[in-house]
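Visitor:
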Amino acid sequence: MKSNRIAALAFALTPILLSSHALANDTTAATDDPVVALEQKLADKRSEIGNHAENLQTQRDKLDALLAERETLANKAMELEKRRTLAQERLDEQFRRLIENPDTDLTQYKDDYQSAWQAVKDNQKSTLQNEQAVAEQQRIVEGENRQKQLLVSAMENLQEAKKEARVKRLRQELTFSDSIEVVHTITCSESMTLAACSNQGKTLTMQKAVNTFQSHVLDKVTESTTAKLNANRVSFNIHVMNSNVVDSGFSGDNRYITRLQAEMKSQPDENAACKLLDFAERYCVEKSFTTAKSSPKQQAKRWVNVKIRSNRYEDNVTINGVTYGSTPVEIMLPAGQHQLTVEKSGFEPYSRQMFMNKDSVVWASLREQENRPKPGKQFADKLSNNRQAPQMVVIGAGQYRVGFEAKQPVVVDQPFSIAATPVTVKQFGEFVAATGYVTEAEEGQGCTALDNGEPKQLLNHSWRKPGFDQADNSPVVCITRDDANMYSKWLSTQTGFNYTLPSEVQWEVAARAGSESDFWWGNDIGVGNANTGWSGTMWSNKSTSPVASFPANPFGIYDTAGNVWEWAGNQTPVARGGAWSFSPSSARVAERLELKSDLSANYVGFRVVRNI
């Protein structure tokens, strides 16, 4: 009896001991949990943004005070000028009297005029000092505004990183195995045989075991409450590794009891974590990326099966310049990057740079040309040595809408052409080879990169070595606005046409392509539509992607969302379009990033426009 009491006491204490052990583990886990670390970083960033907002408001208040002082000085200048003019008139009148009467006293009138003139000069001096102070304060406010944008962008990046970390944590927690024991009682009808009753008892007990195991999985995950709300959207793919009926039999009144032990394992699909957390699919898509360590020989050893389909008959498939006839086409290709084109007369060609690392099916959707919004023709000017300037797309004159929610109407008076892609490494290299030009980054300034969301100056980096591998058809980066302008001037000299950076209106008109949504395809970044941070591409948060890796907009223009921020030609240094290392929200078509004109960064490039 005593031994039974001790056993019972030990059994009763087990949950307490386990709970203490679990608590210790939870404390350690919390310390090592990336989500917790990111939450702390977010809290710090919010505090930093709050402090910066107070300082920014202080600087704006100073600027407002200086502007108010400027207005006061301007009004005072008019009053003082009236006073000086009146004193001048009175003094002139006394001089006229002096001619008639030599005894006329001019002293008081001279003093009045000198006093009025001195007041004008003093006010002019104050006005000059005020103008200098306003210019300096405007410079300070502009700098603080740029810093605000960077802080907000850094916080958005942290928020995206936190979501990604939550997904990774939940994925790890969902892959779970355990042994459980369940007891289930059924009532067998009198007409059932013993074997049938036993089989039904085992089946229902196994179902109970699976449900119990799934409940255990959901109970143990960190975000259990959220996961349970969305559990009906997910298949947990529970596998019974081993099972054993420990005991079974009748206990009277046709009640049949089954005690079952089972070893189970859950292996949910890749999207399960996103569904349980109610996140966009882009946080869960499979990503792959070739590193510099992978040699061409190593990549060529692995072949993948690629099937190409399209929505049209009698089309033509070309891969890496080799024609394979009309779809459907099935071909073995070495793993790696390939140029795919599907064409048919009267339809817009489907042309992609595609990275193939597994068996896949590619669906090419060809659209009729007459259904496409009129973008004008495409052309490329000739350069020396049989080279070509960037491919250009003509944008017609007319009325367009820009700004957030496309609420601002604008009129483009003259048609213009804009480059179909950002300027590439190869194109910029041709300019450097022809002129010997040295970028500001190469002269010693270095190139800015984002390190955990914070700007970091890398002195040994430039457009040749931005911190990641670049191909010839990658967008050139680490380029200041002056560097971009020098390239544009070289194109102008080479072709005889006027190439410049696009104005913000020109850039947005071309990027929107007639749309009124956040992106030209809709209001959600989706999966694999653009190279931004956390957008589900193999380049996201790693590097730029080759230009034209994603579909062109209806005007035939590529990479207007993500890949690299692009310099605009306005007086205020601004870049548009978002980048591979910034959050998807930064790539919305109306977003703008104010920068210093001498900034070179591995997330900033440019494209050109040309007059028509």
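Just so we're aligned: the sequence shown equals residues -24 to -1, 1 to 588 in mature numbering (1 follows the signal peptide of the UniProt record, and there is no 0). Backbone N, C-alpha and C define an ideal beta-carbon position, used for all residues, glycine too. This structure is a prediction, so every number in the text was calculated from the model and none was measured.
1) For MET54, count neighbouring Cβ atoms within 10 angstroms of its own Cβ and tell me buried if that reaches 16, exposed if not.
2) Who are THR469's beta bridge partners in DSSP?
3) Buried or exposed, going by whether 16 or more other CB atoms sit within 10 Å of the CB of HIS160?
4) Answer with buried or exposed for THR22, where buried requires no fewer than 16 other C-beta atoms within 10 angstroms of its C-beta.
5) According to the neighbour-count rule (16 or more other Cβ atoms, all chains shown, within 10 Å of its Cβ), is GLU484 buried or exposed?
6) May I have the straight-line CA-CA distance separating SER464 from ASN51, to the nearest angstrom?
7) With C-beta atoms as the reference, is GLN390 less than 7 Å away from ALA365?
8) GLY420 to ALA409, Cα distance in whole Å?
9) Excluding the 5 residues preceding and the 5 following VAL216 in the sequence, name in chain order all residues of the same chain whose CB lies nearer than 6 Å to its CB.
10) If you drop the 5 nearest sequence neighbours on each side, which residues of the same chain put their C-beta closer than 7 Å to that of GLY429?
11) If the criterion is Cβ atoms closer than 7 Å, does the pair VAL210 and LEU253 meet it?
12) Compare the Cα-Cα distances from LYS353 to each of ASN99, LYS86, ILE588 and report the closest residue.
13) With which residues is VAL399 paired in a DSSP beta bridge?
14) Assuming THR201 contacts THR234 (C-beta within less than 8 Å), just tell me the rounded distance between them.
15) Quick check on ALA(-1): does DSSP put it in helix, strand or coil?
16) Would you decide whether TYR289 is buried or exposed? Buried here means 16 or more other CB atoms lie within 10 Å of its CB.
17) At 3 residues or longer, and completely inside the segment 194 to 236: list those beta strand (DSSP E) runs for me, N to C.
18) Please report the distance separating the alpha-carbon of GLU76 from that of ALA63.
19) By how many angstroms is the C-alpha of ASP500 removed from the C-alpha of VAL143?
20) Taking 6 Å as the limit between beta carbons, can you name the residues of its chain near ASN(-21), skipping five residues before and five after?
21) Where do the N-terminal and C-terminal ends of the beta strand (DSSP E) with ASP427 fall, by residue?
22) Taking the CB atoms as reference points, tell me whether GLY509 and SER559 lie closer together than 7 Å.
23) Work out the CA separation of PHE152 and ASN27 for me, nearest whole Å.
24) What does the alpha-carbon distance come out to for the pair ASN461 and PHE331?
25) For GLN375 and TRP497, what's the separation of their Cα atoms in angstroms?
26) Could you spell out where the alpha helix (DSSP H) holding VAL485 opens and where it closes?
27) Reducing DSSP to helix, strand and coil, say where ASP574 ends up.
28) Provide the residue(s) that pair with THR294 in DSSP beta bridges, ordered along the chain.
29) Since I believe ASN31 is in contact with GLU120 (beta carbons under 8 Å), could you give me their beta-carbon distance rounded to a whole number of angstroms?
30) Can you give the beta carbon distance from SER341 to MET368, rounded, assuming they're within the 8 Å contact cut?
31) Are ARG46 and ASN106 close, meaning C-beta to C-beta below 7 Å?
32) Can you find the residues in the same chain that come closer than 8 Å, C-beta to C-beta, to ASN505, ignoring five residues on each side of it along the sequence?
33) Let me check one thing: in DSSP terms, what residues is TRP543 bridge-paired to?
34) Rounded to whole angstroms, what's the CA-CA distance from TRP93 to GLU65? Just pull it up for me.
35) Between which two residues does the beta strand (DSSP E) harbouring VAL12 extend?
Guide: Checking against the coordinates, here is how it stands:
1) With fewer than 16 other Cβ atoms within 10 Å, it is exposed.
2) Per the DSSP secondary-structure output, THR469 pairs with nothing in a beta bridge.
3) By the neighbour-count rule (16 or more Cβ atoms within 10 Å), HIS160 is buried.
4) Here residue 22 turns out to be Arg, not Thr, going by the sequence shown. Counting Cβ neighbours within 10 Å, ARG22 comes out exposed, since fewer than 16 surround it.
5) Taking a 10 Å sphere around the C-beta of GLU484, we find 16 or more other C-beta atoms and assign the residue as buried.
6) Straight-line spacing of the CA atoms in SER464 and ASN51 works out to 45 Å.
7) The Cβ atoms of GLN390 and ALA365 do not sit closer than 7 Å to each other.
8) Those two C-alpha atoms are separated by around 20 Å.
9) If we look at VAL216 and ignore the five residues flanking it on each side, its Cβ neighbours are ALA238, MET240.
10) Correct list, in chain order: ALA130, ASN133, LEU134.
11) Cβ distance not < 7 Å, so VAL210 and LEU253 don't count as in contact.
12) Cα-wise, what sits closest to LYS353 is ILE588.
13) Partner(s): none; VAL399 has no beta bridge.
14) Rounded, the Cβ-Cβ distance is 32 Å, inconsistent with contact.
15) Caution is warranted here: a pLDDT of 40 is assigned to ALA(-1), below 50, making its placement in the model unreliable, and the coordinate value is therefore given only provisionally. In this structure, ALA(-1) counts as helix in the three-state DSSP scheme.
16) By the 16-neighbour rule on beta-carbons within 10 angstroms, TYR289 is exposed.
17) Correct list: 214 to 226.
18) Near 20 Å, if we compare the C-alpha coordinates of ALA63 and GLU76.
19) Rounded to the nearest whole angstrom, the C-alpha separation of VAL143 and ASP500 is 19 Å.
20) Reliability fails at ASN(-21), whose pLDDT of 38 lies under 50, so the model's placement of it is uncertain and no value is given.
21) Per DSSP, ASP427 is one residue of the beta strand (DSSP E) stretching across 423 to 427.
22) Yes. Within cutoff.
23) The straight-line gap from Cα to Cα measures roughly 44 Å.
24) Rounded to the nearest angstrom, the two C-alpha atoms are 33 Å apart.
25) If I take the Cα positions, the gap works out to 20 Å.
26) From DSSP, the alpha helix (DSSP H) with VAL485 extends over 480 to 488.
27) In the structure shown, ASP574 sits in coil (DSSP, three-state: anything other than H, G, I, E or B).
28) When beta bridges are read from the DSSP output, THR294 appears opposite THR299, THR317.
29) The pair is a contact, with the Cβ atoms about 7 Å apart (cut-off 8 Å).
30) About 25 Å separates the two Cβ atoms, so there is no contact after all.
31) Result yes, Cβ atoms of ARG46 and ASN106 sit closer than 7 Å.
32) Hits under 8 Å: PHE495, TRP497, SER511, PHE526, PRO527, ALA537.
33) BP columns for TRP543 point to ALA551.
34) A straight line joining the alpha-carbon of TRP93 with that of GLU65 spans about 13 Å.
35) The continuous stretches of beta strand (DSSP E) do not include VAL12, which lies in the alpha helix (DSSP H) extending over residues 10 to 76.
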